[in-house]
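Student: The sequence shown begins at 1 in UniProt numbering and counts up one residue at a time.
So that we are looking at the same thing, I have put the structure below in structure tokens.
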Amino acid sequence: MIKEYFKPIILSICCLTVIDCSAGLDMAKFPKANSGIIKTIDSLNDLAFKVKRNNINRALDILYQSSYLAENNNYEKGIATALLTEAGIYQQNGYFKRALTLYYKSLNISSKNGDSLNIARANQQIGSISMESGNYSEAERLTIIAMEYFTLLNKREDIINMKNSLGLILMNQDNQVDAMNYFNAALLDASKIHYEYGIKKACYNIGLVNSSTGMFNKAKIYFLRALTFDVKNKDNYGIALIKNQLAIIAIKMKDYSAAEILLKSSIVASRSISAAQLEIDAVSSLCLIYKEQKNLEKVVEWQQVLIQRHQKLLEKEKVYAMNFMEILREKEQERFLFQKRILEGQQDARYVSMILGVVALGLIIFIVVALLWYKNYIKIKAYSKELMSSNIVVQSHILSLKTLNQEISGQNTSLEESNQMKDKLLSIISHDLRQPLANTKGILDLIDGDYLSVAEMNQLLKDLDTQYVRSLTLLDNLLFWIKSQMAGQKIESKQINLRTLINEISHELEISASKKGITIINDIQDKVNISGDLEMMKVVFRNLISNSIKFTEKGFVKVFVTNGAELCVHVQDSGVGMSDQALKKVLSKNYFTTRGTHKESGSGFGLLICKDLISKHGGKLEVKSVINEGTEFTIFLSNIIKR
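Shown next as structure tokens:
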């Protein structure tokens, strides 16, 4: 009771000291740290820097200790160093705005105290973030400033690192000449002082420049030189990275066997250190090789591996992000409680030291109490602002996690669609392509054995021709689909005369149409042009006209254009038409096939390809059909018209 009664009076007596501290007096008024404290703070900062990559939780704990000691002992270099290390933790986890705030705080403190080393390091890190965000001019300016400070300090290894960084910045701006000058200078300087890391980085960067400019043999020399250092130091990350680059060069030089060996070796090295992104890059290059070799079985096999690695990487990143957010929340709570305990301890210490002077200060109690209450009000207001700021940060993190979950959900949907595509591809390869080949073998055996008359032989040859055309069309569709889906084919847009295109396709399908008594009518004017990928448009119209021939008997297939708000290309036939149930299946994303009027078979792949390719061009496909009257396909080409 006595303590509580005197508490306001005691606080009022020491209010001048409290207000002076909380108002942020110049640190010069506090005593300077002695050499033992400085050594302890520097050791803590060094330890935090060493463990930050592998143990974020411990690194943050150490940084809070060093920051507290540095602030209480007016050791501003220690404060700036701790800020640099803490900013590095946020940067390595993708929180660039938070990292930039801390880097600039460190830079301001270091600039005020003339701490050249920390000024250089702060400019170096801010420059690296500017480079990652694409602000290359700012990145170049800051890196040059950092290099000038390292030059003043005679930090030769850091100077070499800055030259390599400047070369990368210029290379990203397609300034290969100046970039090469920096890399060569870095290589020369690193060789003089036997700085292996600088030599390795310079050789690797020179290899990148030569590879990008088509000087593949020269690029290989530098990559192999860099590789010797990684092999010597058993750096599996560097080994995998360089072998990926060597494999890319081998692919460009059409040396697929060498590229395959390099990539498989890179995959082994990547897996040994759980470098998922390097493994994904290597597997992607393997898929490209097998695609070029038309080895569909290998493409499917390694595409499945690629899907699994992508999924595993996404899951790992999600868990890591959630763990990092949890660590940050815990550390913010610990920091708040730690500061609260410090304030409480300081207040208790003041109570003991000031209790003897209470009686003599009665006259000034009222003023002092008023000032104390005002100080508490300011504190509460500041804490409220800090709490609101923390809540905003937490909300932004929650939104980021929500967005990440949505992206992961989208990736899962994409993976499921990829698995469905793989199953369909295997079905087509094992049945729709294998069966015609088996039938062909039987027909050839009959002909070779002279078991048939001339009339029967001619009929079988016609059947064989029809079967060959159908199998070839299916194979073309299949290969085109694989190419567009797996290789991320880009649209090579150019002007196409629509009438000429339809004439070419009509000529290809003339024999099939005449056998069924069908007339193909091209009712498109000469001046109708569209802008799009010629091969994709051929696939679209060939499939639609073939489909109309398939379901028409002694009638017509007509192609015409209507103009309105959009350009519409119609493929109309007088065939058997479709029921509402069949029409719904056609419009769905599932594979669907029906035998034609002459029992022609199909894979159900053609219309799916048409819808996908039209969608890639920004258009859409609609179908109208009436049983026993015919079917009409309408392609809307609003986004690719060129009149």
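Beta carbons are placed, not taken as given, at the ideal position from N, Cα and C, and that holds for glycine.
As the structure is a computational prediction, the values presented were derived from the model and not from experiment.
Bridge partners of D61, per DSSP?
Tutor: Stepping through the sequence shown from its first residue, residue 61 is reached at position 61. The partner list for D61 (beta bridge, DSSP) is empty, contrary to what the question assumes.
Student: For K538 versus E510, is the C-beta distance shorter than 9 Å?
Tutor: Start at 1 with the first residue of the sequence shown, and residue 538 comes out as number 538. Start at 1 with the first residue of the sequence shown, and residue 510 comes out as number 510. No, they are not a contact pair.
Student: My output table needs one value for I524: the three-state DSSP class, helix, strand or coil.
Tutor: Your numbering for residue 524 matches position 524 in the sequence shown. Coil, per DSSP.
Student: Looking at the strands, I want to know which residues DSSP matches up with H570.
Tutor: For the purposes of this step, residue 570 is identified with residue 570 of the sequence shown, where counting begins at 1. H570 pairs with F560, T634.
Student: Please classify S43: does DSSP put it in a helix, a strand, or coil?
Tutor: Residue 43 sits at position 43 when you count from the first residue of the sequence shown. It is helical.
Student: Report all residues from its chain with a CB closer than 6 Å to the CB of Y149; omit the five preceding and five following residues, and keep chain order.
Tutor: Residue 149 sits at position 149 when you count from the first residue of the sequence shown. So the qualifying residues of the chain are S116, I119, A120.
Student: Which residue comes first and which comes last in the beta strand (DSSP E) that contains G532?
Tutor: The residue given as residue 532 occupies position 532 in the sequence shown. Its beta strand (DSSP E) spans residues 529-533.
Student: Check whether the Cβ of I193 lies closer than 9 Å to any Cβ atom in chain D.
Tutor: The question asks about chain D, but that chain is absent: this structure has only one protein chain.
Student: DSSP state of S506, grouped into three classes?
Tutor: Residue mapping note: residue 506 aligns to position 506 of the sequence shown, counting from 1. It is helical.
Student: Can you say whether H617 is buried or exposed, counting buried as having 16 or more other CB atoms within 10 angstroms of its CB?
Tutor: For the purposes of this step, residue 617 is identified with residue 617 of the sequence shown, where counting begins at 1. Result: buried.
Student: Okay, do the segment 53-73 and the segment 107-116 touch, 3+ Cβ pairs below 8 Å being the bar?
Tutor: With a cut-off of 8 Å, the segment 107-116 and the segment 53-73 do not count as touching, because too few Cβ pairs lie within range.
Student: Which whole-angstrom value is the C-beta distance of M578 and T631, which I expect to be below 8 Å?
Tutor: Here the question's residue 578 lines up with position 578 in the sequence shown. Here the question's residue 631 lines up with position 631 in the sequence shown. That pair is a contact at about 6 Å.
Student: Could you work out which residue in L60, N113, V528 is closest to E566 when comparing CA atoms only?
Tutor: Residue numbering aside, residue 566 sits at position 566 when the sequence shown is read from its first letter. Nearest C-alpha to E566: V528.
Student: Return the first residue and the last residue of the beta strand (DSSP E) that K620 is part of.
Tutor: Taking the first residue of the sequence shown as position 1, residue 620 is located at position 620. Segment 620-626, the beta strand (DSSP E) holding K620.
Student: If you follow the beta strand (DSSP E) that S493 is part of, which residue opens it and which one closes it?
Tutor: Position 493 of the sequence shown holds residue 493. Its beta strand (DSSP E) spans residues 493-497.
Student: If you follow the alpha helix (DSSP H) that F229 is part of, which residue opens it and which one closes it?
Tutor: Numbered from its first residue, the sequence shown carries residue 229 at position 229. Start and end: 216-232.
Student: Quick one: Cα of N113 to Cα of A382, how far?
Tutor: Numbered from 1 along the sequence shown, position 113 holds the residue referred to as residue 113. Numbered from 1 along the sequence shown, position 382 holds the residue referred to as residue 382. So the two alpha carbons sit approximately 28 Å from each other.
Student: For T85, does the three-state DSSP call read helix, strand or coil?
Tutor: Counting from one through the sequence shown, the residue named residue 85 turns up at place 85. Helix.
Student: Could you check if residue 645 is buried or exposed, using at least 16 other CB atoms within 10 Å of its CB as the buried criterion?
Tutor: The question about residue 645 has no answer, for the chain in this structure spans 1 to 643.
Student: If you count every other CB in all the chains shown that lies within 10 Å of the CB of V454, and 16 or more means buried, which is it?
Tutor: Indexing the sequence shown from 1 puts residue 454 at position 454. Classification for V454: exposed.
Student: Going by other Cβ atoms of all chains shown within 10 Å of its Cβ, with 16 needed for buried, is residue 644 buried or exposed?
Tutor: Nothing in the structure corresponds to residue 644, since the chain is present only between 1 and 643.
Student: Just to confirm the assignment: which complete alpha helix (DSSP H) runs, minimum length 4, are found wholly within the segment 134-200?
Tutor: Entirely contained in the segment 134-200, the alpha helix (DSSP H) runs reaching 4 residues are, in chain order, 136-152, 156-172, 176-192.
Student: Since T519 sits in a beta bridge, which residues does DSSP pair it with?
Tutor: Here residue 519 refers to the residue found at position 519 when the sequence shown is read from its first residue. F556.
Student: Within 8 Å, do at least three Cβ pairs link the segment 43-51 to the segment 75-87?
Tutor: Segments in contact, yes.
Student: Can you name the start and end residues of the alpha helix (DSSP H) that E616 belongs to?
Tutor: Here residue 616 is taken as the residue at index 616 of the sequence shown, counted from 1. The identity of residue 616 in the sequence shown is Lys, whereas the question assumes Glu. First-last of the alpha helix (DSSP H) with K616: 606-616.
Student: Could you give the uninterrupted runs of the alpha helix (DSSP H) lying entirely in the segment 78-133, keeping only those of 4 residues or more?
Tutor: DSSP runs (the alpha helix (DSSP H)) wholly in the segment 78-133: 96-113, 116-132.
Student: Leaving out five residues before and five after I2 in sequence, what residues of the same chain have Cβ atoms less than 6 Å from its Cβ?
Tutor: Stepping through the sequence shown from its first residue, residue 2 is reached at position 2. Reliability fails at I2, whose pLDDT of 39 lies under 50, so the model's placement of it is uncertain and the value that follows must be treated cautiously. Excluding sequence neighbours, I2 sits near nothing in its chain.
Student: Pick out whichever of L60, G517, L478, L534 has its Cα sitting closest to the Cα of K291.
Tutor: Within the sequence shown, numbered from 1, the residue matching residue 291 stands at position 291. It is L478 whose Cα lies nearest to the Cα of K291.
Student: Cutting at 7 Å between CB atoms, please list the residues of its own chain near A190, excluding the five before and the five after it.
Tutor: Residue 190 sits at position 190 when you count from the first residue of the sequence shown. The answer, listed in chain order, is I160, G198, I199, A202.
Student: Going by beta carbon distance, what residues of the same chain come within less than 6 Å of G238, once the five residues before and after it are set aside?
Tutor: Taking the sequence shown and counting its residues from 1, the one referred to as residue 238 is at position 238. The residues are D230.
Student: Excluding sequence positions up to five away, which residues of its chain have a Cβ less than 7 Å from the Cβ of S130?
Tutor: Taking the first residue of the sequence shown as 1, we reach residue 130 at position 130. Only E138, A139, L142 meet the Cβ criterion.
Student: Mapping DSSP to helix, strand and coil, what is R53?
Tutor: Position 53 of the sequence shown holds residue 53. If DSSP states are grouped into helix, strand and coil, R53 belongs with coil.
Student: Using three-state DSSP, classify M457 as helix, strand or coil.
Tutor: Here residue 457 refers to the residue found at position 457 when the sequence shown is read from its first residue. If DSSP states are grouped into helix, strand and coil, M457 belongs with the helices.
Student: Quick one: Cα of G24 to Cα of Y75, how far?
Tutor: Along the sequence shown, read from residue 1 onward, the residue named residue 24 stands at position 24. Along the sequence shown, read from residue 1 onward, the residue named residue 75 stands at position 75. The predicted position of G24 is uncertain, since its pLDDT is 40 and thus under 50; a value taken from the coordinates is nonetheless stated next. So the alpha carbons of these two residues sit roughly 15 Å apart.
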